[in-house]
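These protein sequence lines map, in sequence, to chains A and B. Each residue of the first sequence is one higher than the one before, starting from 8 at the first, in the working numbering. Each residue of the second sequence is one higher than the one before, starting from 8 at the first, in the working numbering.
2 protein chains.
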Amino acid sequence: MKIIKGGITAPQGFLAAGIPSGIKKSGKKDLALIYSEVTASAAGLFTSNKVKAAPIIVSQDHISSGKARAIIANAGCANACTGHKGIEDAKQMAFAAASMLNVPPEQILVASTGTISKPLPMDNILGGMRSLGKKLSKAGSADAADAILTTDLKRKEIAVQIMINKKPVRIGGIAKGSGMIHPDLVPPRSKYALKYGFGITPGHATMFCFITTDAEVKSPALGRMLKKAADASFNMITVDKDTSTNDCVFALANGMSKCGRMKRKDEAVFYSALEEVCKQLAKEIARDGEGATKLIEVRVEGAKSVADAAEISKSVAGSNLVKTAMFGQDPNFGRIMAAIGYSKAEIDPNRVNLFIGEHEVVRDGRVVNFNDVALKNYMKKDQIVIMAEIGLGKGAATAWGCDLTYDYVKINAKYTT
Amino acid sequence: MKIIKGGITAPQGFLAAGIPSGIKKSGKKDLALIYSEVTASAAGLFTSNKVKAAPIIVSQDHISSGKARAIIANAGCANACTGHKGIEDAKQMAFAAASMLNVPPEQILVASTGTISKPLPMDNILGGMRSLGKKLSKAGSADAADAILTTDLKRKEIAVQIMINKKPVRIGGIAKGSGMIHPDLVPPRSKYALKYGFGITPGHATMFCFITTDAEVKSPALGRMLKKAADASFNMITVDKDTSTNDCVFALANGMSKCGRMKRKDEAVFYSALEEVCKQLAKEIARDGEGATKLIEVRVEGAKSVADAAEISKSVAGSNLVKTAMFGQDPNFGRIMAAIGYSKAEIDPNRVNLFIGEHEVVRDGRVVNFNDVALKNYMKKDQIVIMAEIGLGKGAATAWGCDLTYDYVKINAKYTT
């Protein structure tokens, strides 16, 4: 696997664009389109929040066919709090993209993020659609990546290449994150979608990840692999323990690499690359969490199960007290131990070993002598690794988070509905 | 029921004291003693955190007899990270109090809170014991209440009086809180206590509540009522979603009111007063959360069950995004709806009504017109009430929290292990 340039347009047959349509008051790009030249297998994961935004409901419906041609997404307005009109607007947004691209509306996936209490500015979206279509190009990934950002400070974009049946196969991805980040992504269930109609979104940050590939994968296999990859990446990040109403991950596989049907071995290679794409983007989201100055990586080994390891690592990564300690460059292992102890996982504190970076600070549940100066120096880094050995089994997992800073409070206390 | 003066020494036969023993560098009071002139029925609740501090282990053991004569507590050092020595020190602290008071050591309950990585300063504790004993008085409640504080800004103390069999019966209580507050208090289990030996505490804030009463109650009934009252009070507050390793609640009932054995009706009167004492102290803890400028009360009605209502209300009260919005005086109902939606409880967003103060902001899951100016004025208050009607049943619960402020970050980023 090698990292390549081009983001979501690196795979064959994908074009993208991003333009300012006037939704964001800043005049920045706010409307993104990703297009496949041929019908692609499609898979999606959606927030488990029972309050779901209108575009989530519409995309859950559209993706049920397992096919898609394009993703249309906007930032700056969440299309929320508008009741049935929100659903109709999301449908119309898909319909306008479908008309412009001359494809069935059900093959368009929609996503929105931004402020609430206002109807989706359809004039901007419909007015921008034609020029968005004209901008579609092989060089459009960065523009699309920029157009989905909200409070994010950095563009999140990646592409990789692998070889399958001696043919180059590419996977590209773009993402957004920042605040209200505690994804719990699950496959769509139409019953669920119907039951939990239009929701109110916080109109705030949310996580999106849009993945393209020219691999040949059928949608059930793509869906299974996407869920597994998300469980090791997006579902393992947290910025503030607030699970958004708008989180979604879409993957489109158009087969244009002509790599042919993948064998089991090939699927393993493909999955590994897909997971890496998801992990890189997930870490970028955590690192760019609102107000963050540090990426915190929490590795857990030796838990009774993988689920227990995931529980422990997310508990530590999400702890406000651990996060403020990290901001203060304080290796406060007591708070880490407390967060391990209140997770739902089974632990025996007398068996826990804890490392901050290379520095062992706790062995068998007790403080050990460590190099205080070296540890304090380590705490100055912009990426901190916490590692816990639980000593009860073979379950391992890694979670990512960030520190809790004055700027997080500032950004979110000043945000206006 | 009427509020009376005197705190934990308002009930007959209780004396208290609090002195500076030199544990706190500030020279403030740090050693507290509460004493009953006769053997009292005792009940206790302890943190569910699997990493437990040494005094928790010792008190879980001591309370198993259902009898106690005194509570000895210190602030400034958590007696943690010292392995078996921590247990021995906690036992010795109880033993010293028992010797001085001439009662069995098993009838002494111990509690510690403060910094970690250091052994309990036994010289201060043992050295202070005699003068602590000499200070025991009917006027000592406030001193004891002060001696258990850490980052708390305010003393937490209350007493009430009810009539049972035409005799006045009193209940008094003192408490501490501030940070690492997300209590999940459960009755002691000796198996649990043995399995989870000495733990590492965060050496930080923790919640304590010590209750005295001159009612005549046997310990099993006292334990049942205390758990029920805690479930409606301490287990419904959150400051930072971090459940401490040192949380404990003790209740001592010495029967000295001579009110006689309580009938069912009397128990209801007694329970009601006990719950009120716990609720008042719990609210004081939430209001005095680290860095807090506001008390946030989240009432939930119409949930499918009481457990669901509790789940929803704690989810909203604990949301970082709701808490920062409250600090910013922003009635961000989208964030409230998101926190309702990601709670584990069953909800149908299309049935949810939401009020901030008197102002209805969401009806049937949709924004309604509200008086923007009046709502903004309401948000300036130092106590905000959020009320959600879920529309699925009869479950009701109330949780309390506080806003998330720059000062919370400051206090916890500057705290040193």
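Where a beta carbon is used, it is the ideal one built from N, C-alpha and C, also for glycine.
Runs of alpha helix (DSSP H) with 4 or more residues, each lying fully within the segment 37-91 of chain B, are found at 61-69, listed in chain order.
Beta-bridge partners assigned by DSSP to His366 of chain A: A:Ile363.
The alpha-carbon separation between Ala61 of chain B and Leu399 of chain A amounts to approximately 22 Å. With its beta carbon less than 8 Å from one in chain B, Pro356 of chain A belongs to the interface. Between Val368 of chain A and Pro338 of chain A, the CB-CB gap stays under 8 Å. Chain A places a beta carbon closer than 8 Å to that of Ile347 of chain B, counting this residue as a contact. Contact check between the segment 217-237 of chain B and the segment 17-29 of chain B: three or more CB pairs, one atom from each, fall below 8 Å, which counts as touching. DSSP lists A:Leu302 as the bridge partner or partners of Cys409 of chain A.
Neighbours of Ser326 of chain B in chain A, taken as residues at a C-beta separation under 7 Å, are given in chain order as Asp249.
DSSP lists A:Ile178, A:Ala260 as the bridge partner or partners of Thr220 of chain A. Contact residues of the segment 329-343 of chain A toward chain B are Val329, Lys330, Thr331, Ala332, Met333, Phe334, Gly335, Gln336, Asp337, Pro338, Asn339, Phe340, Gly341, Arg342, Ile343 (C-beta to C-beta distance below 9 Å). The beta carbons of Ala104 of chain B and Ala77 of chain B sit closer together than 8 Å.
Annotation: the continuous alpha helix (DSSP H) that includes Lys321 of chain A extends over 313-325. Between the beta-carbon of Gln67 of chain A and that of Met263 of chain A there is about 26 Å, and that puts the pair past the 8 Å contact cut. Not one beta carbon of chain B lies nearer than 8 Å to the beta carbon of Lys98 of chain A.
Under a criterion of Cβ atoms nearer than 8 Å, the residues of chain A adjacent to Val416 of chain B are, in order, Thr331, Phe334, Leu411, Thr412, Tyr413, Tyr415, Val416. With a cutoff of 8 Å on beta-carbon distance, Ile171 of chain A and Val117 of chain A are scored as not near each other. Scanning the segment 99-162 of chain B from its first residue to its last, the whole beta strand (DSSP E) runs of 3-plus residues come out as 115-122. Secondary structure note for Val276 of chain A: its alpha helix (DSSP H) is the uninterrupted segment 271-294.
Shown here for Leu143 of chain B: same chain residues with a beta carbon closer than 6 Å to its own, the five before and five after excluded, namely Leu22, Ala24, Tyr42 in chain order. One alpha carbon belongs to Thr158 of chain B, the other to Gly296 of chain B, and they sit about 9 Å apart. From the listed residues A:Leu382, A:Lys330, A:Ala275, A:Glu396, the smallest Cα separation to Ile319 of chain A is found for A:Glu396.
Around Thr252 of chain A, the beta-carbon contacts reaching into chain B at under 7 Å are Ala345, Gly348. Distances from the CA of Glu365 of chain B to each of B:Tyr278, B:Lys387, B:Met394, B:Tyr349 were compared; the closest alpha carbon is that of B:Met394. The segment 229-243 of chain A makes no contact with the segment 27-43 of chain A, as fewer than three CB pairs between them are under 8 Å. CA-CA distance, Gly83 of chain B to Ile155 of chain B, rounds to 9 Å.
Asn384 of chain B is outside the set of residues whose beta carbon lies under 8 Å from a beta carbon in chain A.
Taking 8 Å as the CB threshold, Asn360 of chain B stays off the interface with chain A. By the neighbour-count criterion, in which 16 or more other beta carbons inside 10 Å mark a residue as buried, Lys36 of chain B falls on the buried side.
Below 8 Å, too few C-beta pairs join the segment 85-100 of chain A and the segment 261-279 of chain A to call them touching: fewer than three.
Contact between Lys9 of chain B and Ser48 of chain B fails: their C-beta atoms lie close to 24 Å from each other, not under 8 Å. Around Thr412 of chain A, the same chain offers Gly298, Ala299, Thr300, Phe334 as residues with beta carbons nearer than 7 Å, after the five sequence neighbours per side are excluded. Using a 10 angstroms sphere on the CB of His91 of chain A, the tally of other CB atoms stays under 16, which defines it as exposed. Against chain B, the beta carbon of Met170 of chain A has no neighbour under 9 Å; the closest one sits roughly 41 Å away.
Asp249 of chain A and Ser326 of chain B do touch by the CB rule: their CB atoms are close to 6 Å apart, below 8 Å. The DSSP-derived three-state label of Val416 of chain A is helix.
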